[in-house]
Structure formats: structure tokens, C-alpha cells
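Chains as they are written, first to last, in this note's numbering: chain A, 1 to 254; chain B, 1001 to 1351; chain C, 2001 to 2077.
Don't be surprised by glycine CBs; every beta carbon is placed ideally from N, CA and C.
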Amino acid sequence: MQLNTREKVLEKIVFARNALLSEKAHHYCAGCGHGIVHRLLAELIDEFGIAQKTVLIAPVGCGVLAYFYIKVDGCEAAHGRVPAVATGLKRVNPENIVIAYQGDGDLLAIGTAETIHAANRGENITVVFINNALYGMTGGQMAPTSLVGQKTKTSPYGRSAAEAGYPIRACELLNSLEAPVFIERTGVHSVKQIIRTKKALKKGLANQIENRGYSFIEVLSMCPTGWGMKPVKAVEWIENQMVPYYPLENFRDR
Amino acid sequence: MSKKVFMKGNEALAEAAIIAGCRYFFGYPITPQNEVPAYFAMRLPQVGGTFLQAESELAAINMVFGASAAGARVMTSSSSPGISLKQEGISYMAGAELPAVVVNMMRGGPGLGSIAGSQGDYFQAVKGGGHGDYRLIVLAPNSVQELADLTVLAFDLADRYRMVCMILGDGFLGQMSEPLVLPTPSGESFDKSDWVLDGAKDRAPRIVRSLRLTPEDALEKLNLRLQEKYHAVEQNETRSEEYMADDAEYLMVGFGISSRLLKAAVHSLRAQGVKAGLFRPVTLWPFPSKQLAACAAGKRRVLVVEMNAGQMVEDVRLAVNGSVPVDFLGRMAGMLPEIKTITERIKNYAA
Amino acid sequence: MASGRPVIDTALCKGCELCVSVCPQKVLSMSEDTNDRGVPYACFDESDNCTACAFCGQICPEYAIRVIRYERVAEEV
């Protein structure tokens, strides 16, 4: 007996805002990569079920209010000191998942010692480094990651290697240390890279959950305002200018 | 009878911290307090605590920030130049209302200075040092016994008021060995559950911070609350000691190691028929202004003796408010004033 | 027939145009007018060409795009 059927169309939501992201609209510029990384972290925290154990440490920089945007415990840190604050938090409450979220100045200028030594001690934390090749919050000054020839507020003629040295590659620097277990550089300038970033962040968090040690994920991110270009051009700038100097690869995965 | 032990100041303070329940120490080597981290390195693993030699004094105070935010009793210690490095972190902790104990074993300054004990950081400790409107509770022990006792008190004060409590010692105090009875903890417990960062389990997420950017979350509101808190500390926690001051005609004022010299000077003067007495502030903040004003009333002269160019003397003058002449005698850079010099000065007044 | 559609919260859109640039099916474009932020916002062309790949949602820094996939099921009458 043949049944009469008709086709019914169901609507399945395949992509939506994660509930751990604050309803409050964030303050980042149009096309900024911070929002994308926040989303990936919120989704992973949700997927791992660790929202009730996570403490997110915000840097000084555009990300200074990051703790307003993801619904987990948040902690402030003085400029550059995120890894030290993370060390204090993690040593006292090892069951907490501590995410150290930093930008160029925080991680590689004022905080270089803290960055290297937390990595060197193999602190069981996850460090997320947002590399936009300049200081965004303060108006676009040169950063340790600014490229040679790049024009910024404090390198108006373009960065001169003779005057200001060369850009620092954080992943390669930390790769000289014994202790870290995961070091990877990704980007958020394409969907393919965003997916890579999520995988790398996932590994970084899994390592912490499994007490395997220190993980470092560097994310090349758009800064349309700082670079003085539209977001779509900023994507191209990452691809054409940043990636040749900052290769997108995994450096360590123990 | 309580058992007496013979310990170096730096080590006694570390043991007292452990007695008070401190299980986390973050520090960095600097003379003359190196025995403090060394003792903690040896002792903390024995009691299941964590010792970490940080990459700098700056890193150490920020580790303290994190550990305090996580709810632990935590200490850092350093000496003058290292305390300068910690000022930013201390200001942050004041704004975030995080408790901790910071020890300064003062040495000669300014700059790299000398490694001998001195009292040159009174202004830094009491008047600010870091930026913004904040206060530290500042305790000034003058013996190894008092150093140990005040260390235990410091943790209670820090937790009670959610403030940084500083123990202002000096190189002499840290290095000298004296007999003492190890203190016992007060037994008071402090509920931190409504503010610590231990993961948002069964509660709304919270943030530990000093930043207040928006009008509806105003920095002034925070500051008014801090000022209220500091007022309460001033009402409740002032401490001082008077020695042979009641019938004294000449009152000497000193804190820490200077007060040990002044006590000897009192004895020497009394033996020579001069009625001298001593007022010793124990809390430098809150400064015992009322007690000092009452003690100094009717005296012929007040002589403040410090191992600096004249720092606490300003607060003495404020407290006394012109009712009695206030003089100053000081040596700097780690030089100890001679008792003879002090007694000669008092005898000159008497003549 | 359409496989799905993006649902764009135009009030959240900051006009970065990244979604437009990554859409493999070219079903997105920027509006002529502006939203309350004063910027043009992303619009779906309402065509059948959306494959619900969610690239737009993935790259949107404002989480302004929800993506719906159509699932066709047979149902008894």
C-alpha cells in the first residue's frame, strides 16, 4: 500500500551565536579579529563544558574588556603581566582553566620576561596571542611585531631595522625553550584559517585540561583601523605582508 | 613556659607567615632579605605550599595579584629597589581590593644605594609609592619577636579589610638574630567566597579588576568605598607604644630599628637625670596621631630620630600641630645614629 | 532549490564586508542605506543559491549572522 507523502522542509540552525558570548555588543572595530577569537574560545569552553572552571585574564590593549564578552570568571592584569597573574591563579587553583589572552605589547614588549618565564616553567596554562603588528588601543603605534617598512604612529617613515630592530617572531622564540608542549601560529583572515585557529585553541585547552603543560597559540589578526584600510584589504595585508614573515604552521605538538 | 627559639629576623618572619597559613610565596633575590625566599623555598614544600622564584620583583607582585584573586594567603618580600618595582602591582591590588602581605626590608637609597639597613622608604610606604588614592596598612616592628607577631597580624588585617598590608622592616631587623617565642595564629577566619575567582560554578561569573571605565560603573564610587574602608582602619587598627613617657620632659619618637637606639638613649638620659621618654608608632599607617598628640602634650621638646633625611618627622609635626617644638636627627644611607649623639642633643635642650 | 539561508541581524552589523567577500555563492552584498550605526549592512539576496556553508557566520566578528539549512523530509499526508 503506498502512502501519500509530501515533502516537509525543516529549518535546522547550523550556525548561531554561542550562549557563552555576552549579549552585550563588543567594542571592537569593524573587521577586527578579536571578535572571531572570542567566539572560538566561547564555543570551545562550551564544548569542553568548562565554563564553570574557566578564568579569562584580559591584557592591557584592545582586549582589556575581553572579560565582559565571555561569560566566565575574569581577571585583570597590569600591562604585560598576564602570564604572572596566570601563574598565581593556576598555582592556587590548579583545577581552574586559565586562559591568558594578550596582544603584541603585552606579550612581546613590556611583558617579554613574563612571557618567556611562564613558558619556560611550563605553567599549565593556555596563552592566546593576538598579533596585529601594532598597538591598537593607544592609536596605532609600532609594536615588536610591526614589519620592517610598516608605517605606524611611531614609525611614520616606516619601521627601520637599523633604528628599531626587526619584528619578533613569538612562536619561534618560545620554540627554543624545553617546556612548552604546543606552539602554533594561525590566523583569522580566512574561514580556512579560522577553522585552523579553532583546532589549535582546542588543542591548547585540551592540553591544560589534561595537565600536559604550556600551550601557545599566536593568531594573526586584522586591524583595519590601525592599518588604515578597509577590513577586506586588511585580510589581504595579512596574506601578502604578514604571512611571509610569520609562517602559519605548527611548531610543536607534543 | 613557652619555648624560645633563636632566629634571624628574615627567617622568623617567613616561619610566622607559614604559621598564619600563608602557603604561597613569590619573590626575587635582593639583599638584605635573601633569607626570606630561601627559607620559604625550604619550608613551603614541607607544608604543601608553593614557592616560586619569579623572573623579577615585578613579576612576583603580579603573581601575588593572581594568587590573591584565587583566594590564597600570599606573601612577597623585597628590599627598596624591588619595592619600587612592585608599586604598580600594589596600586592595582589596592584598586581591585586584593589582600596580601608585602615585606620591605629597607636598604640605603636612592637608586641601587647600599645593602645596609635604612629607613628611607617611609614616604614610599605611607604616602603612596604607587599611583592613585590608596593606602597600605604599614607595620613597623622593632625586634625579631615583634616582626614575627606582626607578620601573623598582617595576614589578618589584609584579609579583614581586603588590603595590602606592608611590613616595613630594615636590613638590620632582617639580619639580626634574637630569641623569640613563635606566635600562634589568631584562629580568625575570613569568608572570601563572595569575591574570589574559583570558577563560576553555581554562581554568576565575576571579575577581579581595578578598571572602571564607564559612568554607571564609576571609579569615584569605588574610591569612595575605599576611603570609607581606610577610615574604618584608622578607627580600629592604630597601634603604638610609649616607654617612660608619662613624666618625661623630652619625648623622642622613632620607629623600627631607630626605636631600639632610642630606648637605650632613654636609659642613658634617665641615668644622667634627664627625664626622657619614647613614643614608638607601630602602625605607620594608620599613624597614631591622636596618641602621639596626647603623649607629646606638655613636653618641652620632641626629637624625631630616623635613618633617613626626615620623613616620619612630617607626620609627627602634623600630629603635634605646633603645640610642642619638633626637632629631627637623622643619618642616611644605612648609617646608624650614635646613641651618644642622641643623648647629647637632648642634653643640649635641657641645658 | 535553496539549501538554506543566512539570517542577518542588521543592527549588529558594522559594515566590515568580510561576509560578502568570503561567500562562495556570492549571495551577500552591502545595502544601499545605513543602519543605526551609520554604516551599510550585509544583505542576503533571497536567492536559492545559499548552500548554508556558514562561511559568513564564521568570519563575522559581530556574531550577527545565523545560518539555517533546509532539511527536506518526507512526511505522511
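| Query | Result |
| --- | --- |
| Supposed close pair ALA66(A), HIS38(A) - CB separation, criterion 8 Å | 7 Å |
| Contact set between TYR2070(C) and chain A, taken where Cβ atoms lie within less than 9 Å | VAL9, LEU10, GLU11 and LYS12 |
| Proximal chain B residues relative to ARG81(A), where beta-carbon distance stays under 8 Å | LEU1058, ALA1059, ASN1062, PHE1065 and GLY1089 |
| N- and C-terminal bounds of the beta strand (DSSP E) containing PRO1179(B) | 1177-1181 |
| Chain B contact for ASN240(A) (CB, 9 Å cutoff) | no |
| Outcome for SER146(A) when other beta-carbon atoms lying within 10 angstroms are tallied against a minimum of 16 | buried |
| 7 Å Cβ shell around ALA30(A) - same chain, five flanking residues per side excluded | PRO224 and PRO231 |
| Beta-carbon proximity check, SER1080(B) vs GLY1108(B), cutoff 9 Å | yes |
| Supposed close pair MET1093(B), PRO1032(B) - CB separation, criterion 8 Å | Not confirmed; about 25 Å, so no contact. |
| The segment 104-115 of chain A contacting the segment 195-204 of chain A, beta-carbon criterion three pairs below 8 Å | no |
| Residue environment, TYR157(A), which counts as buried when at least 16 other CB atoms sit within 10 Å | exposed |
| Backbone secondary structure at ASP1159(B) - three-state DSSP | helix |
| Other residues of its chain near THR2051(C): CB distance less than 8 Å, five sequence neighbours each side excluded | SER2003, GLY2004, PRO2024 and GLN2025 |
| Contiguous alpha helix (DSSP H) assignments of at least 4 residues, all confined to the segment 1208-1251 of chain B | 1219-1236 |
| Three-state secondary structure assigned by DSSP to THR1184(B) | coil |
| CYS2016(C) - DSSP class collapsed to helix/strand/coil | coil |
| Buried or exposed (CB count within 10 angstroms, at least 16 for buried), LYS1275(B) | buried |
| Beta-bridge pairing of LEU21(A) - partner residues as DSSP gives them | ILE70(A) |
| Cβ contact check for the segment 53-66 of chain A and the segment 2039-2048 of chain C: 3 or more pairs under 8 Å | no |
| Option in ARG2069(C), PHE2055(C) and ILE2008(C) with minimal Cα separation from ASN2035(C) | ILE2008(C) |
| Residues bridged to ILE99(A) [DSSP beta-bridge criterion] | LEU56(A) and THR126(A) |
| DSSP three-state assignment for TYR157(A), whether helix, strand or coil | coil |
| Cβ contact (3+ pairs, closer than 8 Å) linking the segment 180-199 of chain A and the segment 1018-1030 of chain B | no |
| LEU21(A) versus TYR69(A) - alpha carbon distance | 6 Å |
| Backbone CA spacing between GLU1057(B) and CYS1165(B) [nearest angstrom] | 17 Å |
| Neighbour flag for GLU1234(B) against chain A, beta carbons, 9 Å | no |
| Extent of the continuous alpha helix (DSSP H) to which GLY1009(B) belongs | 1009-1019 |
| TYR1122(B) (DSSP reduced to helix, strand or coil) | helix |
| For PHE48(A), three-class secondary structure by DSSP | helix |
| Classification of LYS90(A) by the beta-carbon crowding that lies within 10 angstroms, buried from 16 upward | buried |
| Where the segment 1065-1079 of chain B meets chain A: residues whose CB sits under 8 Å from a CB there | PHE1065, GLY1066, ALA1067, SER1068, ALA1069, ALA1070, GLY1071, ALA1072 and VAL1074 |
| Contact under 9 Å by Cβ, VAL1152(B) with PRO1185(B) | yes |
| Interface residues of chain A facing VAL2027(C) [CB-CB closer than 9 Å] | Those within 9 Å of VAL2027(C) in chain A number zero; the least Cβ separation is about 15 Å. |
| Near-chain A residues of the segment 1184-1215 of chain B (beta-carbon distance less than 7 Å), N- to C-terminal order | LEU1197, ASP1198, GLY1199, ALA1200, LYS1201, PRO1205, ARG1206, ILE1207, VAL1208, ARG1209, SER1210 and LEU1211 |
| For LEU1136(B), the nearest candidate out of PHE1328(B), ILE1346(B), ALA1350(B) and PRO1286(B) (CA to CA) | PRO1286(B) |
| Min CB distance SER160(A) to chain C below 9 Å | no |
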